Ligand SMILES: [Zn+2]
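Residue numbers (the working numbering): 1 to 58.
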């Protein structure tokens with residue numbers, strides 16, 4: 001038996017992504033460009049050349 005209930009919760013919806021390099025604004029309805037985007041994030045680990053805990057900027 002599965003017991004469920006219905007909740008109404010706010011949902012965050014992506015409107016656009018702006019490239020940090022060239023500044024182009026791409027919306028999800030522009031599927032060709034949107035599908036080609038690459039997003040990377042992270043931070044330097046212990047002893048990293050960019051520093052311990054330093055944010056990785058791409
Ligand atoms: Zn760009």
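Think of the CB as a built atom: it goes at the ideal place given N, C-alpha and C, for glycine as much as any other residue.
Values in this document were obtained by computation on a predicted structure and should not be read as measured data.
Taking the Cα of residue 33 as reference, the smallest distance to any Cα among 16, 47 and 8 is reached at 16. Each of 2, 47, 54 and 22 was checked against the Cα of residue 41, and the nearest Cα belongs to 54. Annotation: the region 14–40 contains the following complete segments of the alpha helix (DSSP H) (minimum length 4 residues), in chain order: 31–36. For residue 10, the three-state secondary structure derived from DSSP is coil. Secondary structure of residue 43 (DSSP, three-state): strand.
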